[in-house]
Structure formats: C-alpha cells, structure tokens
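Undergrad: Supplied in structure tokens, the structure appears directly below.
Number of protein chains: 2
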Amino acid sequence: MTPEEVRRTAHGPTAGLAPGYAQANLIAVPRDWAYDVLLFAQRNPKPCPVLDVTDPGVRTTVLAEHADLARDIPRYRIWEHGELKVEPTDATDHWRDDLVAFLIGCSFTFESALRRAGVPLRYVDQGRNVPMYVTDRECRPAGRIHGPLVVSMRYVPVDQVHTAHATTARMPAVHGAPVHAGNPRDLGIKDLDHPDFGDPTTPEPGDVPVFWACGVTPQAAVMASKPPFAITHAPGHMFVTDVRDDHYTI
Amino acid sequence: MTPEEVRRTAHGPTAGLAPGYAQANLIAVPRDWAYDVLLFAQRNPKPCPVLDVTDPGVRTTVLAEHADLARDIPRYRIWEHGELKVEPTDATDHWRDDLVAFLIGCSFTFESALRRAGVPLRYVDQGRNVPMYVTDRECRPAGRIHGPLVVSMRYVPVDQVHTAHATTARMPAVHGAPVHAGNPRDLGIKDLDHPDFGDPTTPEPGDVPVFWACGVTPQAAVMASKPPFAITHAPGHMFVTDVRDDHYTI
Numbered sequence: 013m014t015p016e017e018v019r020r021t022a023h024g025p026t027a028g029l030a031p032g033y034a035q036a037n038l039i040a041v042p043r044d045w046a047y048d049v050l051l052f053a054q055r056n057p058k059p060c061p062v063l064d065v066t067d068p069g070v071r072t073t074v075l076a077e078h079a080d081l082a083r084d085i086p087r088y089r090i091w092e093h094g095e096l097k098v099e100p101t102d103a104t105d106h107w108r109d110d111l112v113a114f115l116i117g118c119s120f121t122f123e124s125a126l127r128r129a130g131v132p133l134r135y136v137d138q139g140r141n142v143p144m145y146v147t148d149r150e151c152r153p154a155g156r157i158h159g160p161l162v163v164s165m166r167y168v169p170v171d172q173v174h175t176a177h178a179t180t181a182r183m184p185a186v187h188g189a190p191v192h193a194g195n196p197r198d199l200g201i202k203d204l205d206h207p208d209f210g211d212p213t214t215p216e217p218g219d220v221p222v223f224w225a226c227g228v229t230p231q232a233a234v235m236a237s238k239p240p241f242a243i244t245h246a247p248g249h250m251f252v253t254d255v256r257d258d259h260y261t262i
Numbered sequence: 013m014t015p016e017e018v019r020r021t022a023h024g025p026t027a028g029l030a031p032g033y034a035q036a037n038l039i040a041v042p043r044d045w046a047y048d049v050l051l052f053a054q055r056n057p058k059p060c061p062v063l064d065v066t067d068p069g070v071r072t073t074v075l076a077e078h079a080d081l082a083r084d085i086p087r088y089r090i091w092e093h094g095e096l097k098v099e100p101t102d103a104t105d106h107w108r109d110d111l112v113a114f115l116i117g118c119s120f121t122f123e124s125a126l127r128r129a130g131v132p133l134r135y136v137d138q139g140r141n142v143p144m145y146v147t148d149r150e151c152r153p154a155g156r157i158h159g160p161l162v163v164s165m166r167y168v169p170v171d172q173v174h175t176a177h178a179t180t181a182r183m184p185a186v187h188g189a190p191v192h193a194g195n196p197r198d199l200g201i202k203d204l205d206h207p208d209f210g211d212p213t214t215p216e217p218g219d220v221p222v223f224w225a226c227g228v229t230p231q232a233a234v235m236a237s238k239p240p241f242a243i244t245h246a247p248g249h250m251f252v253t254d255v256r257d258d259h260y261t262i
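Taken in sequence, the protein lines are chains A and B. Per my numbering, the very first residue in the first sequence carries number 13; after that it's consecutive. Per my numbering, the very first residue in the second sequence carries number 13; after that it's consecutive.
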C-alpha cells in the first residue's frame, strides 16, 4: 500500500504498512498550551523528536501535503483534562480552530532499516501491535507539562543487539538508539507480558528485550499534566507520511 | 583554558578556546516571543539546533551549571526593534525578568573533530574570526519570525571536502553536514572577501569554500522580524559550555 492508501483505508495499527515511509505520532493542543508542549519536546528529544508543527487550526503538514490530520490517522484519542473520552476513527468533529498539531517521530520508521540489517521484528511477525511501557523515569518538565518516559520494546537476538543499536542510533529524529537493553526493572517495568499500551510479544530463545524512547510519551504527559483539551493518535495507529524513512538517516 | 576560564576571562572570538568543549549561540527574547523563536528553530534545524531553553528570567543553563548567561559570554549584542544598540561585554544591566534564553549549537563544536580527521582550519591558523555570510535562502518562517539563512565558511582542501562532510554530518546538533560546497553564488554570496560577520580568510591553493548553516541566523531573523527586544552573543563570541563536544556526535 502507498502512504495515501494507508491514510485512506487503515483502521488498525500501522507497523509494517507502507514500508519505506516515515510514520509519526500526533499530539494537538490549544494554542495556549503549544509553547509548553514544544518546550517539553525540546527538553526530551529522545521520546519527542519533532518532525513538524502546524499553525493554529491548520490540518495539513509538510510531511504529507494532501493529507488531513483530522481524518487520515487510523484511530484518534480525544482527551479532556487528562482523561481519555473517546477513540474515534475520524477526529473532524473534535478538531478546533485553536489547535496546534505536533508530529513526532515514530520508531516504526527505523524498522525497515532493522530488517535490512538482518534484525527480526518479532511483534510484526506475530501480527501484533508493538508493546509499550510507562517507565519510572521522569521526563524533564516544561512549563505546565510533565510526565514519565514511555518506551517501546522489541525482542532482539542477543548477538544482534549491537546491530540494532548501531542502526537506530543513526536515526535520531525517530527516537535514535535504545535507552536500555536487558533488564526491564532498570526502567521500573515489572511485567513485560502486560504492556501499558499495545500487545504483549512472545520472545524466541536467546532474545533480549530492547527499549526505545516512544512517541506515546506525550500521551502520558497529557494524563499527568491534564491540559483542558488534546487530540492524539491511538498508540500504534500512526500518521503515515509521504517522507521516505531514509530521509531521517544520518 | 578550561570552559570556566574562558567564560571568566575571554573578550574576543572563542574559536579554538577550551578545545574539546561544545560552544553555543545565544538569543534571548521576551516570553511573549519565545514560542515564535522556538518554532522558528524547530522549522529550521540546520541553522538553529536548540541545545537548551531557559525558563523566563533564569540566567543559568544545564549546559554549564555554574555559568551566568548574562555575564559569561565574551561580547553581547543588545537589540531593540531589530536595531543593534550596543555591544557590551556584560549584559547584566540589560537582562530582564521576562527573557527566555535559547542556546543554539555552534559549528566551533565540530572543529576538534575536523582537526582529528586531518582537515586544516585556515581561519584559526590565521588568527581570525570565522567568516559568515547572509545567503539568499529564506528560512521557513514561524509566527512573527522570518529571515534569511546565514552560513559560516571554511576553506577546505578539495580532496578533504568529503571528509569534512562525513565528519560534520555526524554532529547534527551543531549544524551537521555543510549546506553547500563550491560556488558562493549558489547561495547568493557575491564576495567571499567581504563577509557580513567575522573576518575574511585567505585560501591556500586547491582550497574550496565549504558552507555550514550558522547560529547567527537568529540574529538575521531579529533584524528582519524586529522583535521589541533581544539579547544575542556577538558573532564568533560564543558561550563556552561544560559539555564535551563528542556528546553531540552520533
């Protein structure tokens, strides 16, 4: 499928769809909160690498000129005062003229490079959404925005952890190198089989859990910081851009 | 000299001082203009890679815990409505409680890596400030902020242009790869011997001019956009941080 076909038709998780194209997280907040969000992203570039920011009320982005940010994501989350209200497949009725949309790099973008480097993707092969976990690491706060680091996890054969590190380190705009490999408890994660978002993955013998900073971190910040209103994507249900993934490779 | 010694004693250009430590550009604007500046930086990451942003009125930075941003830069520029008013060596009397300071990556930071890779630095060897030029390329505007791209230029032996490119590409937080090598007119630069900021450099036979995006770009934006008030460093007179330069190498 092309990026446009995914944007028009997909309603599930987007990992592995439109391979070769970058995907992005969404968080849209009222203009009055935009500086706090942008500063939070600047201060936490591993989980929140910003790929584009719209002007207030604008629903288009340089990342995909003909896309509509209020309609072309498979599933949205509508937040009020930090509480999840609904998860529609179209956010048109919720969008407001004062919303500023942030598009933030997504680790799905480095998965083609991982495949090319010979690193298997267990969760994709198992037909599941990537597992994501809230950690015990606090992000650096910014204005009224604070919250914990969220990570995505991929099981990687122990002898390929170095390759996975080296491959993703070259793509800092889509989370870059892992933040941790090995012991989930070092991140305060108690049980890999019960992710906070997404689905559990089954490891193969010799696999090690590898953790990358995740663009769901702004959603954890919404829950913790309670802005009056926000729209995000649903975890794993990303905005598929028209930008080639290797555009973000150094 | 250590970074702290440079901050305490230097009053001239800082290229080559405290080798091994990152240097930074400064632009401080009233809180009311901070979102525009931060968004301008996000939209123009080559000239404006943000290393830190202070809270309003705060004169310290995570980049050098014991430094005072209002005193520890060798020379400042005080701007009113886009006009340069004075160039003091201490900005304490001009600092305001509503100022938000942006520290932006500086290409001096990759010069140790260039030296290690065997690339000579003509302008340092000639005891001059790096030459900087206003180009005919417009930055992507953000809110009330707009202006042209400014570049720094280093003469590089033609057979080392590739090395200079590869070495600096790995340091995107301090401007990364060159934006151009070869013909100054491709950037709208008419005369290399008359830089807009800094000093002219004398090439050696076989040298090619290589251009990097420059952290003086926000000053060109101040001139073009005329915010009511701003404080910047004087070109080439940088804030020397306590962060090792290889912290910014991928």
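Positions of the beta carbon are idealized from the N, C-alpha and C atoms, including for glycine. Just so you know, these numbers come straight off a predicted model, no measurement behind them.
1. Against chain B, with Cβ distances strictly below 8 Å, would A/Leu51 count as a contact?
2. Can you list the residues of chain B that A/Tyr33 reaches, using a CB-CB cut of under 9 Å?
3. Leaving aside the five residues before and after B/Ala189 along the sequence, list all residues of the same chain whose C-beta is less than 7 Å from its C-beta, in chain order.
4. Would you mind reading off the limits of the alpha helix (DSSP H) that contains A/Phe52?
5. Can you list, in chain order, the residues of its chain whose CB lies under 6 Å from that of B/Lys238, leaving out five sequence neighbours each side?
6. So the alpha helix (DSSP H) B/Met235 belongs to, where does it begin and stop?
7. Under a three-way DSSP split, which group does B/Thr175 fall into?
8. Could you list the residues in the segment 170 to 193 of chain B with a C-beta less than 8 Å from some C-beta on chain A, going in chain order?
9. Could you tell me the distance, in whole angstroms, from the CA atom of A/Leu75 to the CA atom of B/Leu50?
10. Could you pull out every residue in the same chain whose Cβ sits closer than 7 Å to the Cβ of B/Pro207, ignoring the five residues on either side in sequence?
11. Suppose you measure from the CA of A/Leu204 to the CA of A/Pro217; what does that come to, to the nearest Å?
12. Return helix, strand or coil for A/Leu96, following the three-state DSSP convention.
13. Suppose only complete runs of 4+ residues qualify. What are the alpha helix (DSSP H) ranges in the segment 125 to 154 of chain A, listed by chain order?
14. Assess contact between the segment 251 to 260 of chain B and the segment 94 to 112 of chain B, defined as three or more Cβ pairs (one per stretch) separated by less than 8 Å. Is contact present?
15. Smallest Cα separation from B/Phe122: which of B/Asp84, B/Ile85, B/Ser164?
16. Where A/Ser119 and A/Asp105 are concerned, what is the direct C-alpha to C-alpha distance, given to the nearest angstrom?
17. Under 8 Å Cβ-Cβ, which residues of chain A neighbour B/Tyr47?
18. By the three-class DSSP mapping on this structure, what secondary structure does A/Pro212 have?
19. Flag this pair as yes or no: are the beta carbons of A/Gln138 and A/Thr213 separated by less than 8 Å?
20. Please go through the same chain and pick out, in chain order, the residues whose beta-carbon is closer than 6 Å to the beta-carbon of B/Val65, but skip the five residues on each side of it.
TA: According to the data block:
1. yes
2. Going along chain B, no residue has its Cβ under 9 Å from A/Tyr33, so there is no contact; the nearest lies around 20 Å.
3. His177, Thr180, Ala181
4. 43 to 55
5. His93, Gly94
6. 229 to 237
7. helix
8. Ala181, Arg182, Pro184, Gly188
9. 19 Å
10. Pro143, Met144, Tyr145
11. 16 Å
12. strand
13. 134 to 137
14. no
15. B/Ser164
16. 29 Å
17. Ala46, Tyr47, Leu50
18. coil
19. yes
20. Phe114
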